[in-house]
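Quick mapping for you: the protein sequence lines, in order, are chains A and B.
For reference, each letter of the first sequence is one residue, going 1 to 151 in this note's numbering.
For reference, each letter of the second sequence is one residue, going 152 to 548 in this note's numbering.
Beta carbons: idealized from backbone N, C-alpha and C, even for Gly.
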Amino acid sequence: MFAQKRLGKELSNIHKSLPPGISIASASDFSNWKMDIQVLDTNPLYADQIYRLNFKFSGSYPIEAPEVTFIKEDGRDIPMHPHIYSNGVICLDLLGTNWSPVQNVESVCMSIQSMLTSNTKNERPPGDDTFVRSGYRSPRNINFVYDDNTV
Amino acid sequence: MSPSRSSRNSLQSVDLRALDYLTSPSANLLCPICHAPLITPVQTRCLHTFCSACISLSLERSSTCPVDRKPLNHDDVTPAPIMIANLVNDLVVLCPNREKGCTTSCARWLVESHIREDCEYATVKCAKEGCDGMVERREAEGECVHEEVECAFCEGAVRKLDVELHYKECPKLSSDCRHCSKSFPNPELAAHKLICPDEIIDCAASHFGCSFSSRRSELDEHLSHCHFVALTPILQLHTERIETLELENKAIRQKLDLLVPPRPLPTQLSGATSSAANDSSSGRDMTSEMQDYTYHLYSEYEQLRSDVERLNAQIRELDVKQDMARFNEGLRYNDEMTGVRAAINGLRMQLHWLVASRREAGTGGAGAGGARSVAGSSASGDGRRMSVDSVRQVVKL
Ligand SMILES: [Zn+2]
Ligand SMILES: [Zn+2]
Ligand SMILES: [Zn+2]
Ligand SMILES: [Zn+2]
Ligand SMILES: [Zn+2]
Ligand SMILES: [Zn+2]
Ligand SMILES: [Zn+2]
Chain A
1 MFAQKRLGKE LSNIHKSLPP GISIASASDF SNWKMDIQVL DTNPLYADQI
51 YRLNFKFSGS YPIEAPEVTF IKEDGRDIPM HPHIYSNGVI CLDLLGTNWS
101 PVQNVESVCM SIQSMLTSNT KNERPPGDDT FVRSGYRSPR NINFVYDDNT
151 V
Chain B
152 MSPSRSSRNS LQSVDLRALD YLTSPSANLL CPICHAPLIT PVQTRCLHTF
202 CSACISLSLE RSSTCPVDRK PLNHDDVTPA PIMIANLVND LVVLCPNREK
252 GCTTSCARWL VESHIREDCE YATVKCAKEG CDGMVERREA EGECVHEEVE
302 CAFCEGAVRK LDVELHYKEC PKLSSDCRHC SKSFPNPELA AHKLICPDEI
352 IDCAASHFGC SFSSRRSELD EHLSHCHFVA LTPILQLHTE RIETLELENK
402 AIRQKLDLLV PPRPLPTQLS GATSSAANDS SSGRDMTSEM QDYTYHLYSE
452 YEQLRSDVER LNAQIRELDV KQDMARFNEG LRYNDEMTGV RAAINGLRMQ
502 LHWLVASRRE AGTGGAGAGG ARSVAGSSAS GDGRRMSVDS VRQVVKL
């Protein structure tokens with residue numbers, strides 16, 4: 001109930017307006033939304049690309065963070081980034097230990113958008129192969145494997 | 152309003168969080184967590200305002216303020232100023248029974264009493280003595296709808312409340328088929344649904360990959376030339392055989408796992424085997440002994456393997472934890488760096504501005520200093536140092 005009411009409000013705001021480069025792809029219920037994001041400047045890594053984010057909400061959203069991953073769908077790819085695994089799992093402390101219930105779908109999209117905008121490295125996180133093979137899908141259950149702090 | 156009605160209070164509960172508001176309230180009155188107007192507003196030590204319930208939930212998960220992430224405990228949360236509470240309690244809400252037909256809107260603090268005492272659509276206890284049923288208040292004065300009446304068509308007993316529902320399945324009445332919209336007596340409807348010519352159904356071979364579907368009456372035509380249907384007997388046979396083979400395979404693999412030693416036996420044993428081949432009488436003993444030995448080795452191997460697996464998992468976990476810590480630290484440093492960089496930039500700009508303005512002031516008063524600068528470069532150097540010194544003084548101020 002709590003989550004639905006809040007998501008209902010967010011949805012009506014999202015339908016009213018969204019920051020440039022962010023759009024809603026689908027939101028047919030209160031457990032799973034898809035958002036499209038785009039990098040607006042001329043970063044050659046992401047130029048002319050649209051990426052799709054999958055949001056999964058639990059019943060205790062926004063107290064609990066949503067599960068956010070990039071997905072391959074409708075020809076969308078997983079963006080190249082040293083904090084994004086090739087299976088779409090994103091390492092962003094905002095979505096884990098640093099989650100706060102004042103965050104919302106829009107602010108999460110914006111954080112991820114700016115995470116892409118400022119990136120210059122055309123690479124995957126170290127240990128991407130092992131991580132993807134180990135089959136972890138949920139960023140919530142793992143702590144991330146990171147060596148570099150440049151982004 | 153009759154006295155009997157007002158004495159009958161509604162027990163329907165009101166969820167303040169679920170209320171809808173007449174006009175969208177000022178953003179200042181919204182809780183940052185649930186995005187709805189504050190309910191029982193409380194204030195934190197860092198002067199942020201939340202619903203009492205929302206901040207409690209949040210503190211259970213993390214002991215920080217959701218807005219500024221400062222450390223926060225239940226003890227740091229106190230009721231918000233009474234003025235804020237009054238502002239939110241005076242907001243006009245729509246009656247929660249709006250969907251049933253109530254058009255009332257009232258201040259939020261009045262909504263509970265509206266439901267309890269006035270709302271025509273709130274559920275109250277049935278007026279009839281001894282009846283435990285519930286009805287909407289506006290119908291409470293009418294006769295009890297919970298007693299059973301006789302269906303006029305099938306003569307069965309039905310609660311008055313359920314009569315409408317009963318008509319849909321009463322054996323004496325007819326209903327329309329969903330697909331062909333023809334009318335059938337209720338008892339025959341189920342049978343008709345199995346043969347309704349207008350229902351859209353899938354090809355009989357859909358589980359083998361045919362994606363065709365059409366009205367039942369037109370499906371025969373497709374079935375007569377569908378390749379999947381033609382292949383169905385063979386495909387069926389294959390599926391069955393594959394299943395049997397899979398089962399067999401599994402059983403064989405289990406046996407194999409038990410019998411084949413995971414690594415070569417020690418040499419002295421294989422030596423014993425060859426000598427056992429010569430001596431057929433002791434051969435039986437040797438084989439069984441060897442088998443025991445194999446079992447033993449195998450179980451030991453299994454144990455070791457699970458040990459290694461467990462250790463591996465532990466190492467992975469530790470690795471990941473450590474890396475995460477490092478990553479977070481890096482993030483923090485990054486933030487700090489950006490802060491410092493911004494501060495430096497600010498200072499630089501200030502300095503530029505000051506130098507520029509100083510220079511302007513200098514050219515303005517150049518009439519006096521002009522002669523001196525012609526006199527010698529050392530003098531003009533002094534002048535420059537002077538100006539920098541005075542800039543420094545301004546910055547200090
Ligand atoms: Zn705070
Ligand atoms: Zn709240
Ligand atoms: Zn009402
Ligand atoms: Zn009754
Ligand atoms: Zn009947
Ligand atoms: Zn029909
Ligand atoms: Zn077919």
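My output table needs one value for residue i: the three-state DSSP class, helix, strand or coil.
i, result
"B:D353", "strand"
"B:P417", "Here the model assigns B:P417 a pLDDT of 49, short of 50, so the residue's position is not dependable, and the following value carries that caveat. Reduced to three states, the DSSP call for B:P417 is coil."
"B:T191", "coil"
"B:A522", "Legend: pLDDT at B:A522 = 42, less than 50; position of this residue unreliable, value from coordinates given subsequently. Helix, per DSSP."
"B:S157", "The pLDDT assigned to B:S157 is 43, lower than 50, so where the model puts this residue is not dependable; a value taken from the coordinates is nonetheless given after this. Three-state DSSP puts B:S157 in a helix."
"B:V300", "strand"
"B:W504", "helix"
"B:T255", "coil"
"B:S375", "helix"
"B:A427", "Caution applies to B:A427, whose pLDDT of 45 falls short of 50 and renders its modelled position unreliable; the model cannot decide the point."
"B:A493", "helix"
"B:A178", "helix"
"B:R196", "coil"
"A:H81", "strand"
"A:I90", "strand"
"B:V545", "In this predicted model, B:V545 has a pLDDT of only 47, less than 50, meaning its place in the structure is not dependable; the value taken from the coordinates is given anyway. It is helical."
"B:V286", "strand"
"A:E106", "helix"
"B:P230", "strand"
"B:T215", "strand"
Assuming residue i and residue j are in contact, meaning their beta carbons sit under 8 angstroms apart, how far apart are those beta carbons, in whole angstroms?
i, j, result
"B:P183", "B:F201", "7 angstroms"
"A:I14", "A:V108", "Not really, about 12 angstroms apart at Cβ, beyond 8 angstroms."
"A:I37", "A:I112", "6 angstroms"
"A:P101", "A:P66", "Their Cβ separation, rounded to whole angstroms, is 11 angstroms, which puts A:P101 and A:P66 out of contact at 8 angstroms."
"A:L94", "A:Q103", "7 angstroms"
"B:V286", "B:V296", "6 angstroms"
"B:H330", "B:D349", "4 angstroms"
"B:P192", "B:V244", "No, B:P192 and B:V244 are not in contact; Cβ-Cβ is about 16 angstroms, not under 8 angstroms."
"B:K319", "B:S326", "6 angstroms"
Candidates the options: which alpha carbon is nearest residue i's?
i, options, result
"A:T69", "A:G59, A:P20, A:I90", "A:I90"
"A:S26", "A:T42, A:Y46, A:F55", "A:F55"
"A:R124", "A:S28, A:K5, A:F57, A:G88", "A:G88"
"B:D241", "B:I266, B:R310, B:L189, B:E372", "B:L189"
"B:Q194", "B:L223, B:A187, B:L170", "B:L223"
"A:D74", "A:S12, A:K34, A:G96", "A:K34"
"A:V132", "A:L53, A:S86, A:N32, A:P20", "A:S86"
"B:D353", "B:C347, B:K344, B:R367", "B:R367"
"A:L116", "A:D129, A:V39, A:T130", "A:V39"
"B:H373", "B:A355, B:S161, B:I206, B:E211", "B:A355"
"B:R288", "B:E280, B:A273, B:K279", "B:A273"
"B:H265", "B:S164, B:L409, B:L502, B:Y449", "B:S164"
"B:I552", "B:V218, B:N179, B:R212, B:L210", "Nothing about residue 552 of chain B can be read from this structure; chain B reaches only from 152 to 548."
"B:P247", "B:V239, B:L238, B:E391, B:L261", "B:L261"
"A:G96", "B:M488, B:F478, B:V506", "B:F478"
"B:E369", "B:S357, B:I351, B:A381", "B:I351"
"B:P338", "B:S357, B:H358, B:H317", "B:H317"
"A:S31", "A:D77, A:K121, A:S60, A:P19", "A:S60"
"A:L7", "B:L162, B:A169, B:S161, B:R159", "B:A169"
"B:C185", "B:C205, B:D171, B:L198, B:G481", "B:C205"
At a CB-CB cut-off below 7 angstroms, which residues of chain A make contact with residue i?
i, result
"B:L502", "None at all; the shortest Cβ gap to chain A is about 27 angstroms."
"B:L340", "The premise fails here: B:L340 is roughly 32 angstroms from chain A at the closest Cβ pair, so nothing lies under 7 angstroms."
Quick one: which chain A residues come within Cβ less than 8 angstroms of residue i?
i, result
"B:N479", "D93, T97"
"B:L245", "Within chain A, no residue comes near B:L245; the closest Cβ sits about 15 angstroms away, beyond 8 angstroms."
"B:P217", "S100, P101, V102"
Does chain D have any CB closer than 7 angstroms to the CB of residue i?
i, result
"A:P125", "Any reference to chain D falls outside this structure, whose protein chains are A and B."
Starting from residue i, find everything on chain B with Cβ-Cβ shorter than 7 angstroms and list it in chain order.
i, result
"A:I63", "L208, S209, R212"
Who are the neighbours of residue i on chain B, taking C-beta pairs under 8 angstroms?
i, result
"A:S86", "Within chain B, no residue comes near A:S86; the closest Cβ sits about 18 angstroms away, beyond 8 angstroms."
"A:K9", "H186, A187"
"A:F30", "Result: empty, since nearest Cβ-Cβ is about 14 angstroms, beyond 8 angstroms."
Anything in chain A within Cβ reach of residue i, meaning under 9 angstroms, just list it in chain order.
i, result
"B:R220", "N98, S100"
"B:L386", "Result: empty, since nearest Cβ-Cβ is about 31 angstroms, beyond 9 angstroms."
"B:L469", "Here the premise fails: no neighbours, minimum Cβ distance about 10 angstroms."
Please list, in chain order, the chain B residues whose beta carbon lies closer than 9 angstroms to that of residue i.
i, result
"A:K5", "R168, A169, C185, H186, A187"
"A:F70", "Per Cβ cutoff of 9 angstroms: no residues; A:F70 is ~19 angstroms from chain B at best."
"A:F55", "None at all; the shortest Cβ gap to chain B is about 16 angstroms."
>> Please list, in chain order, the residues of the segment 164–190 of chain B that have any C-beta partner in chain A closer than 8 angstroms.
In response: Residues D166, R168, A169, P183, I184, C185, H186, A187.
> Between the segment 109–133 of chain A and chain B, which residues of the former have CB atoms less than 7 angstroms from a CB of the latter, in chain order?
Replying inline: Residues of the segment 109–133 of chain A whose Cβ lies closer than 7 angstroms to any Cβ of chain B: none.
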